[in-house]
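Colleague:
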Amino acid sequence: MLKIALVLIFSWLLFSYLISTSFAQSAIFASNNNFQKSLINRQTSYQENTISLSKQELQQPLYLKIKTSDTTILSGKISFKKRTIVPLKNNLNLDLSTLLLPGKNEIELIGNYTPINNSISIEIQGKTTSISTSTAGSGILQQKLIIDVY
1 MLKIALVLIF SWLLFSYLIS TSFAQSAIFA SNNNFQKSLI NRQTSYQENT ISLSKQELQQ
61 PLYLKIKTSD TTILSGKISF KKRTIVPLKN NLNLDLSTLL LPGKNEIELI GNYTPINNSI
121 SIEIQGKTTS ISTSTAGSGI LQQKLIIDVY
């Protein structure tokens, strides 16, 4: 279990990166098996993160959660394999365990939110995995989650 946690944490730190084109605040928090690492960075509304998960972790639900304040209006789409799977909306919970296959899986979140000074929190939560990223300040959300399943 510790080995899986270390692999996940190392993968998260090694492969996660931010691509910046404007200045909005973003915070990334990754935790797995009670280990937490946080990174605060200034970034644009475009963000790309990669994580690695074992096939065993997909035997339990793995939720993609979109959280916003009650005053935020969020619209857009969530795509998997370049196909829209659900509309992007406030306080969404989507079980990814039924979608993900061994290998590289790309999930894209594209949308807009108002007011632009509010924040959007995107989380992936499973039995042994908890990853969170947030963005605020631009009104535009462009997030790519790359999930490698081994």
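In the UniProt record's numbering, the protein residues as written are 1 to 150.
Think of the CB as a built atom: it goes at the ideal place given N, C-alpha and C, for glycine as much as any other residue.
Keep in mind the model is a prediction, meaning the values are calculated, not measured.
Kindly indicate the opening and closing residues of the beta strand (DSSP E) around I51.
Modeller: As a first step, residue 51 must be located in the sequence shown, where it is residue number 51. Per DSSP, I51 belongs to the beta strand (DSSP E) from Y46 to L53.
Colleague: To the nearest angstrom, how far is it from the Cα of Q47 to the Cα of I140?
Modeller: The residue you call residue 47 lines up with position 47 of the sequence shown. The residue you call residue 140 lines up with position 140 of the sequence shown. Those two C-alpha atoms are separated by around 11 Å.
Colleague: On a CA-only basis, which of T135, L53 and I124 is nearest N93? Give me that one, please.
Modeller: Looking up residue 93 in the sequence shown gives position 93. Of the candidates T135, L53 and I124, the one whose C-alpha sits nearest the C-alpha of N93 is I124.
Colleague: From T98 to T129, what distance separates their C-alpha atoms?
Modeller: Along the sequence shown, read from residue 1 onward, the residue named residue 98 stands at position 98. Along the sequence shown, read from residue 1 onward, the residue named residue 129 stands at position 129. Distance between the alpha carbons of T98 and T129: 16 Å.
Colleague: Measure the Cβ-Cβ separation of Y113 and T71 and say whether it is below 8 Å.
Modeller: The count along the sequence shown starts at 1 and reaches residue 113 at position 113. The count along the sequence shown starts at 1 and reaches residue 71 at position 71. No; because the gap between Cβ atoms is not below 8 Å, this pair is not in contact.
Colleague: In this structure, how does DSSP classify L145 when only helix, strand and coil are distinguished?
Modeller: Start at 1 with the first residue of the sequence shown, and residue 145 comes out as number 145. Looking at L145 - three-state DSSP - the assignment turns out to be strand.
Colleague: Any idea what DSSP makes of Q59, helix, strand or coil?
Modeller: For the purposes of this step, residue 59 is taken as residue 59 along the sequence shown, with counting starting at 1. Of the three classes helix, strand and coil, the one that applies to Q59 here is helix, per DSSP.
Colleague: Would G126 pass as a contact of Q56 if the rule is Cβ separation under 8 Å?
Modeller: Taking the sequence shown and counting its residues from 1, one reaches residue 126 at position 126. Taking the sequence shown and counting its residues from 1, one reaches residue 56 at position 56. Cβ atoms of G126 and Q56: not closer than 8 Å.
Colleague: Once the 5 residues before and after L74 are set aside, which same chain residues still bring their CB inside 8 Å of it?
Modeller: Translated into the one-based positions of the sequence shown, residue 74 becomes position 74. These residues qualify, in order along the chain: I66, T68, L88, K89, N90, G111, N112, Y113, I120 and L141.
Colleague: What does the Cβ neighbour count give for L101, buried or exposed, with the cut at 16 atoms within 10 Å?
Modeller: Position 101 of the sequence shown, counted from the start, is the residue given in the question as residue 101. When all chains shown are included, L101 counts as exposed.
Colleague: Taking the runs of the beta strand (DSSP E) that are 3 residues or longer, which of them lie wholly in the region 52 to 137?
Modeller: Whole beta strand (DSSP E) segments, 3+ residues: 63 to 67, 73 to 80, 83 to 88, 92 to 95, 103 to 114, 119 to 125 and 130 to 136.
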